[in-house]
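**Q** Protein chains in written order, with the working numbering: chain A, 1066 to 1307; chain B, 99 to 316.
A virtual CB, placed ideally from N, CA and C, is assigned to each residue, including glycine.
Sharing a structure with you now.
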């Protein structure tokens, strides 16, 4: 029994069919719990007022935006090295989700920045590197869309994902050098003395878990769709041959 | 490999090769900027490093889709891929040829354009230095983008979307180097970073480009 068994599309479809309702239900449950708890049952911050509650969408979305790219990097590597089709399709399925997460983080950030910093947008390193990450997602998705042959598309987007990862990280540090930050530093670190207060921290944790589950559910749905689309194509090709 | 370099250079220089078009484009950008932002010398001098770097970026971008497209259409890319020299070497030579035909003229002509935009004396030399250090990275990253999109019918716009985000670090450090040089500030960090980015891309990105071409020729 190894993890590579799930690279078999049939096995993947069986497992994910069983898994999907549970993950989706759990995602809905945690998201509703976390957001209701965060929005209605926590006090206003003494400085930021009720705008502090944007954190329950902003932080999880931003975390997912980065982690989804990392997940795409891993699945691309698996595809390039071991040629498992499910892996390439999972990367393809994850990209639009990641792009939307980046967009959510950018938009909620703008909505939060307007009352707090007095500006919708500032060329701050964090904000700028998220915009660049968004462009990387756009390019990745556009390359998938532009190539007809699915294996060629998987290979080329895989290579793009590898090179893009290096340059995304490089850009992150380059923009640090280029402009001073307005965005606050990390307040969720595990190794720091002063972090966000527990009142906000616990519902935020639930929200993060909810976003992760939501992402897993969406990727499962989208990967299953991709696999079914592949099967349809194979069936059509077989009929044309007959 | 040297023969391949000379072949590409000859193809670029002779009729229809588009040699010098990048330079003309650069000139047009520099001419249009004062119309857009107004002719005051002080402001032009301040934004000149950014304008000249952006112009170099766009001029480089213009000629990217020609790097592999012609060879792909007439089949010589297949021959190059099966030739005894490694494909990574072919890709590197293509990048070098692209740099000599678009990057190098820009580096040489940059002082003139700097004068047009009221860039003062010392900053001009920082500009030349930064372009000389940075444009090879632009060409190498451009060949990577061109290698990804070589099989596509209408790859031009996609090519810019893929390549431009990769140019971000080079642009940041290149323009920063000129800005610091013009303001008499410490230039060591951007200088070293720019050189490091170029060295690393020239050394590593050809492997990715060659991999992409192998996929596209499959």
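Measure the C-alpha to C-alpha separation of residue 1169(A) and residue 1185(A) and round it to an integer number of angstroms.
**A** Residue mapping note: residue 1169(A) aligns to position 104 of the first chain, counting from 1. Residue mapping note: residue 1185(A) aligns to position 120 of the first chain, counting from 1. Cα to Cα, the separation comes out at about 14 Å.
**Q** Under the rule that 16 or more other beta-carbon atoms within 10 Å means buried, what is residue 1263(A), buried or exposed?
**A** The residue given as residue 1263(A) occupies position 198 in the first chain. Residue 1263(A) should be labelled exposed.
**Q** Should residue 184(B) be flagged as near chain A, meaning a C-beta pair shorter than 8 Å?
**A** Counting from 1 along the second chain, the entry for residue 184(B) is found at position 86. False, the Cβ-Cβ gap to chain A never drops below 8 Å.
**Q** Using 8 Å for Cβ pairs, my map puts residue 1100(A) next to residue 1121(A). What's the rounded Cβ distance?
**A** In the first chain, residue 1100(A) corresponds to position 35, counting from 1. In the first chain, residue 1121(A) corresponds to position 56, counting from 1. 6 Å between Cβ atoms; contact.
**Q** List the residues that DSSP assigns as beta-bridge partners of residue 1110(A).
**A** One-based indexing of the first chain puts residue 1110(A) at position 45. Here residue 1110(A) is bridged, per DSSP, to 1114(A).
**Q** By Cβ distance below 7 Å, which residues in the same chain neighbour residue 1159(A) in space, the five residues on each side in sequence not counted?
**A** Your numbering for residue 1159(A) matches position 94 in the first chain. Around residue 1159(A): 1133, 1136, 1137, 1284.
**Q** In terms of alpha-carbon separation, which member of 272(B), 196(B), 184(B) lies closest to residue 229(B)?
**A** The residue labelled residue 229(B) in the question sits at position 131 within the second chain. Comparing Cα-Cα distances from residue 229(B) to each of 272(B), 196(B), 184(B), the minimum goes to 272(B).
**Q** Cβ closer than 9 Å: which chain B residues qualify as neighbours of residue 1217(A)?
**A** Taking the first residue of the first chain as 1, we reach residue 1217(A) at position 152. In chain order: 249, 313, 314, 316.
**Q** Starting from the beta carbon of residue 1172(A), find every residue of chain B whose beta carbon is closer than 7 Å, and list them in chain order.
**A** Along the first chain, one-based indexing puts residue 1172(A) at 107. Simply none; closest approach about 20 Å.
**Q** Return yes when the Cβ of residue 1224(A) is within less than 8 Å of the Cβ of residue 306(B), no when it is not.
**A** Counting from one through the second chain, the residue named residue 306(B) turns up at place 208. Counting from one through the first chain, the residue named residue 1224(A) turns up at place 159. Yes, they are a contact pair.
**Q** Using the C-alpha atoms, what's the distance from residue 1269(A) back to residue 1140(A)?
**A** Walking along the first chain from the start, residue 1140(A) turns up at place 75. Walking along the first chain from the start, residue 1269(A) turns up at place 204. Distance between the alpha carbons of residue 1140(A) and residue 1269(A) is about 28 Å.
**Q** Per DSSP, what kind of secondary structure is residue 1248(A) in: helix, strand or coil?
**A** Your numbering for residue 1248(A) matches position 183 in the first chain. Residue state, collapsed to three classes: coil.
**Q** If you measure between the beta carbons of residue 162(B) and residue 102(B), is that distance less than 8 Å?
**A** One-based indexing of the second chain puts residue 162(B) at position 64. One-based indexing of the second chain puts residue 102(B) at position 4. Against a cut-off of 8 Å, the Cβ pair of residue 102(B) and residue 162(B) comes out as no contact.
**Q** How many angstroms separate the CA atom of residue 1267(A) from the CA atom of residue 270(B)?
**A** Here residue 1267(A) refers to the residue found at position 202 of the first chain. Here residue 270(B) refers to the residue found at position 172 of the second chain. Straight-line Cα distance between these residues: approximately 39 Å.
**Q** My output table needs one value for residue 1212(A): the three-state DSSP class, helix, strand or coil.
**A** For this step, residue 1212(A) is matched to residue 147 along the first chain. In this structure, residue 1212(A) counts as coil in the three-state DSSP scheme.
**Q** Output yes if chain A places a C-beta closer than 8 Å to the C-beta of residue 230(B); else output no.
**A** On the second chain, residue 230(B) is found 132 positions in, with the first residue counted as 1. No - not a single Cβ of chain A is within 8 Å of the one on residue 230(B).
**Q** Run down chain A in chain order and give the residues with a C-beta less than 7 Å from the C-beta of residue 309(B).
**A** As a position in the second chain, residue 309(B) is number 211, starting the count at 1. Result: 1224.
**Q** Starting from residue 1293(A), follow the alpha helix (DSSP H) in both directions and report where the run begins and ends.
**A** Translated into the one-based positions of the first chain, residue 1293(A) becomes position 228. Start and end: 1263-1306.
**Q** Can you list, in chain order, the residues of the segment 253-266 of chain B whose Cβ is nearer than 8 Å to any Cβ on chain A?
**A** 253, 256, 259, 260, 262, 263, 264, 266
**Q** Determine, using beta carbons only, whether residue 1088(A) and residue 1278(A) come nearer to each other than 8 Å.
**A** Against the first chain, residue 1088(A) aligns to sequence position 23. Against the first chain, residue 1278(A) aligns to sequence position 213. Cβ atoms of residue 1088(A) and residue 1278(A): closer than 8 Å.
**Q** Work out the CA separation of residue 125(B) and residue 243(B) for me, nearest whole Å.
**A** As a working mapping, residue 243(B) is identified with position 145 in the second chain. As a working mapping, residue 125(B) is identified with position 27 in the second chain. Take the alpha-carbon of residue 243(B) and the one of residue 125(B): they are about 25 Å apart.
**Q** Which first and last residues belong to the alpha helix (DSSP H) in which residue 151(B) is found?
**A** Here residue 151(B) corresponds to residue number 53 of the second chain, with the count starting at 1. Per DSSP, residue 151(B) belongs to the alpha helix (DSSP H) from 139-160.
**Q** Just to confirm the assignment, what range does the alpha helix (DSSP H) spanning residue 316(B) have?
**A** Within the second chain, residue 316(B) is the residue found at index 218, counting from 1. Looking at the DSSP string, residue 316(B) is not in any alpha helix (DSSP H), and its letter there is neither H nor E.
**Q** Can you pull the chain B residues whose beta carbon is under 7 Å from the beta carbon of residue 1204(A), in chain order?
**A** Stepping through the first chain from its first residue, residue 1204(A) is reached at position 139. Result: 259, 260, 263.
**Q** Please report how far the alpha carbon of residue 261(B) lies from the alpha carbon of residue 205(B), in whole angstroms.
**A** Locating residue 261(B) in the second chain gives position 163, counting from the first residue. Locating residue 205(B) in the second chain gives position 107, counting from the first residue. The straight-line gap from Cα to Cα measures roughly 21 Å.
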